[in-house]
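Enquirer: In short: position in the sequence shown from 1, add 15, done, that's our numbering.
Handing you a structure now.
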Amino acid sequence: METKSGHPDHDENRWMRRGLPPWPVLISFIGVVESGNVTKTALRLNLTQSAVSHHIAQLERFIGDRLFERSGKMLKPTAKAKVLAAELRVGLRALSDRVEEARPSPGRPDLHVVVAPELYRHWLEPRLNVFLISHPHVRLRISQDYRRDALVEDDADLHLRLGRPMAGEVGTPLCADSEFVVCSPGLAKSLPPKQAFAVAPFLTHADAYHTSLDWRRWLSELFGVNGERWLQDHLAKTVVLENFEEMLAACRKGEGFALVRTILVADEIASGRLVRAVTETLAADVNYSLVHRSGIGLSSAAQSFIGWLDAEAARLEP
């Protein structure tokens, strides 16, 4: 026969009083364990770096133990942190699913769109209010992620990512991107007619493979970099920033040249914060595409979003 103890540790309702850290704290913790980096987690969650750092410190105070070994900007999770993050990911996802299932149907379509982080921050986000205002019946959920399996793993309706559709998917490019070099207006005024790139360093970022932008490839295709010794030496001094956001910030300050693609700097150029440094441009081999699963009918919400997205993309500079 089951008995109950009067000791507070055996109170079956003790878990209610013990409580949990806030949801954003737990999500930030899981993100940092997976990436090992506060900056990357902040970009993915659309938070500031200080907010994510505060979340980690808050959880460590709640736990009463350190969860990471710090080394510069990198955070190495302890064994306890790895186990906790794995269990929280499973538990929180299950909890979220159960709560979502319990909600009454709002009587309006749902649409889940997964977007590459830099595309969201530098092109989609500034335009989203136009869609939401013109389609008030659509309940839109946006997730930022680089994973190519988001359509299946995250049960997304649409995926905006760099690359072509995979097996079981269909999609079309948002636009025909060009690859070119930008700099600040002030730096542009000081460029000489020859060897303009010698004036300032090349800028790139640690996650450049996500944008498929490579200085060496670009220079080789346009100028035959192997025949230009000074360019080879200049490439060796390329400044690597933490992420795309920091690279653009340095570029705006006149600290160097950034290799970009059309869709990611359309607003920067339109506002005059950045300008084309040289006339040379290269057609991109791969573009951002709108992808969805094949053989599955699109909801009216998805069709509305696609139509709006096509119209916005058509405004981009050729």
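For every residue, glycine included, the Cβ atom is placed at its ideal position computed from N, Cα and C.
State yes or no: is the C-beta of E236 within less than 8 Å of the C-beta of L297?
Expert: For E236 and L297, yes; Cβs fall inside 8 Å.
Enquirer: What did DSSP end up calling Y161 once you bin it into helix, strand or coil?
Expert: If DSSP states are grouped into helix, strand and coil, Y161 belongs with coil.
Enquirer: Name the DSSP bridge partner or partners of F217?
Expert: Beta-bridge pairing links F217 to F272.
Enquirer: Using the C-alpha atoms, what's the distance from R81 back to L289?
Expert: Using only the alpha carbons, I get a separation of about 43 Å.
Enquirer: Which complete beta strand (DSSP E) runs does the stretch 100-157 hold, if anything under 3 residues is left out?
Expert: Those beta strand (DSSP E) runs which fall completely within the stretch 100-157 and span 3+ residues are 125-130.
Enquirer: From what residue to what residue does the beta strand (DSSP E) around A292 run?
Expert: Note, A292: beta strand (DSSP E), V290 to A298.
Enquirer: In terms of residue numbering, what span does the alpha helix (DSSP H) encompassing S304 cover?
Expert: Premise fails: S304 lies in the beta strand (DSSP E), Y303 to R308, not in any alpha helix (DSSP H).
Enquirer: Just the C-alpha distance for L256 and Q318, rounded to the nearest angstrom, thanks.
Expert: About 38 Å.
Enquirer: Among residues of its own chain, excluding the 5 on either side of A211, which ones have a beta-carbon nearer than 8 Å to its beta-carbon?
Expert: Around A211: A292 and V293.
Enquirer: Starting from C266, trace the alpha helix (DSSP H) in both directions and tell me its first and last residue.
Expert: Looking at the DSSP string, the run of the alpha helix (DSSP H) that includes C266 is F259 to R267.
Enquirer: Could you check whether C266 and V214 sit closer than 8 Å to each other, using their CB atoms as the reference points?
Expert: Contact flag unset, no.
Enquirer: Could you pull out every residue in the same chain whose Cβ sits closer than 6 Å to the Cβ of G201, ignoring the five residues on either side in sequence?
Expert: Excluding positions up to five away in sequence, the list reads G269.
Enquirer: Out of curiosity, what's the CA-to-CA distance linking L331 and H152?
Expert: C-alpha separation (whole angstroms): 27 Å.
Enquirer: Take every Cβ of the stretch 135-153, pair it with every Cβ of the stretch 306-325, and state whether three or more of those distances are shorter than 8 Å.
Expert: These segments touch.
Enquirer: May I have the straight-line CA-CA distance separating R123 from G178, to the nearest angstrom?
Expert: Since pLDDT at R123 reaches only 45, below the 50 mark, its modelled position is unreliable, and the value read off the structure follows with that caveat. The straight-line gap from Cα to Cα measures roughly 31 Å.
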